[in-house]
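Which chain is which? The protein sequence lines are A and B, in order.
Numbered according to our numbering, the first sequence spans residues 898 to 1009.
Numbered according to our numbering, the second sequence spans residues 6 to 118.
What follows is one structure encoded as structure tokens, with my remarks underneath.
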Amino acid sequence: SQQGEEDPQALSIQEGENATMNCSYKTSINNLQWYRQNSGRGLVHLILIRSNEREKHSGRLRVTLDTSKKSSSLLITASRAADTASYFCATDLNSGYSTLTFGKGTMLLVSP
Amino acid sequence: EAQVTQNPRYLITVTGKKLTVTCSQNMNHEYMSWYRQDPGLGLRQIYYSMNVEVTDKGDVPEGYKVSRKEKRNFPLILESPSPNQTSLYFCASSSLLMNTEAFFGQGTRLTVV
């Protein structure tokens, strides 16, 4: 069953702007991960944030996690046309081992 | 190079003709899974395996079979494909350790006519 729900479903911005995507989930998690998918291709792992972390950075990516609100956000700063892709959050449930449940994704279009 | 390899990448077949999509990983991962991706529905898990000879149903297992005879391979079998199985399929693998990422294959686009 799908645990994470991304918002918005689609986002269109200009190069140089920041893009923010949100993910809400329903049950307790061990960690939350963000993945990127270029059109029709495999998903690529971007960043993992553990349940005891509140913020994490990787290059132009910033992820926050609020376990009290059961939500996470992915911020891409100074976006580029090459950032155009779908972005998925995946929750790793607190089940004793690592398995992932994916949301439906946010489609990001960055125009030059 | 760490990778998950799926074959074929594209497949067009007719209703009822059995087919197998192969998946192989070179990372000695215990956990492997199959997903299908459909517009507006995101990724839905079909089957997963936590180790050799251990498989279990995901969210949408109907019409699919899997096997895990070796740790590196996890084929997806459609015994009698139907048009509603037209989809983009992904194999993924990961360690069973906590807080690890999943690695995905490049996908198999299946069309059943």
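Built from N, CA and C at the ideal position, the CB exists for glycine as well.
Asked, Found
"For VAL59 of chain B, write down the residues that DSSP places opposite it in a beta bridge.", "B:ASN56"
"Any Cβ of chain B within less than 8 Å of the Cβ of ASN928 of chain A?", "yes"
"Could you name the residues of chain A that GLY47 of chain B contacts, counting a contact when the two beta carbons are closer than 8 Å?", "GLN899, PHE985, PHE999, GLY1000, LYS1001, GLY1002"
"Helix, strand or coil: how does DSSP classify GLN930 of chain A here?", "strand"
"Under 6 Å Cβ to Cβ from ASN56 of chain B, same chain only, skipping five residues before and after it: list those, please.", "GLU35"
"Using DSSP bridges, identify the partner residues of THR1003 of chain A.", "A:TYR984"
"At least one CB of chain B closer than 8 Å to the CB of HIS954 of chain A: is that the case?", "no"
"Count the C-beta pairs between the segment 900-913 of chain A and the segment 948-960 of chain A that are closer than 8 Å, then say yes if the count reaches three, no if not.", "no"
"May I have the straight-line CA-CA distance separating SER38 of chain B from GLN50 of chain B, to the nearest angstrom?", "7 Å"
"What does DSSP give as the partner residues of VAL117 of chain B in its beta bridges?", "B:THR18"
"Report the option in A:GLU903, A:PRO1009, A:LYS923 whose CA atom is closest to the CA atom of ARG933 of chain A.", "A:GLU903"
"Comparing alpha-carbon positions, which option in A:ASN949, A:LYS1001, A:THR988, A:LEU1005 lies nearest THR974 of chain A?", "A:LEU1005"
"Can you say whether THR63 of chain B is buried or exposed, counting buried as having 16 or more other CB atoms within 10 angstroms of its CB?", "Reading off the sequence, residue 63 of chain B comes out as Gly, not Thr. So GLY63 of chain B ends up on the buried side."
"What are the start and end residues of each continuous beta strand (DSSP E) run of 3 or more residues lying completely inside the segment 69-110 of chain B, in chain order?", "81-83, 92-99"
"Just checking, does the segment 11-26 of chain B make contact with the segment 918-937 of chain A on the three C-beta pairs under 8 Å criterion?", "no"
"Please compile the residues from chain A whose C-beta is within a distance smaller than 9 Å of the C-beta of LEU93 of chain B.", "GLY937"
"For the beta strand (DSSP E) that contains GLN906 of chain A, what are its first and last residues?", "First-last for GLN906 of chain A: undefined, no H or E at that position."
"Chain A partners of ASN12 of chain B, CB-CB under 7 Å?", "Simply none; closest approach about 13 Å."
"Report all residues from its chain with a CB closer than 6 Å to the CB of LEU940 of chain A; omit the five preceding and five following residues, and keep chain order.", "TYR932, GLN934"
"Would you say THR996 of chain A lies against chain B (beta-carbon separation less than 8 Å)?", "yes"
"What's the call for ASN125 of chain B, buried or exposed, on a 16-neighbour Cβ count within 10 Å?", "Any answer about residue 125 of chain B is impossible in this case: the structure gives chain B only from 6 up to 118."
"Residues bridged to GLN8 of chain B by DSSP?", "DSSP, once it has assigned bridges, lists no residue as partnering GLN8 of chain B."
"Compare the Cα-Cα distances from CYS986 of chain A to each of A:ILE946, A:ALA979, A:GLY937 and report the closest residue.", "A:ILE946"
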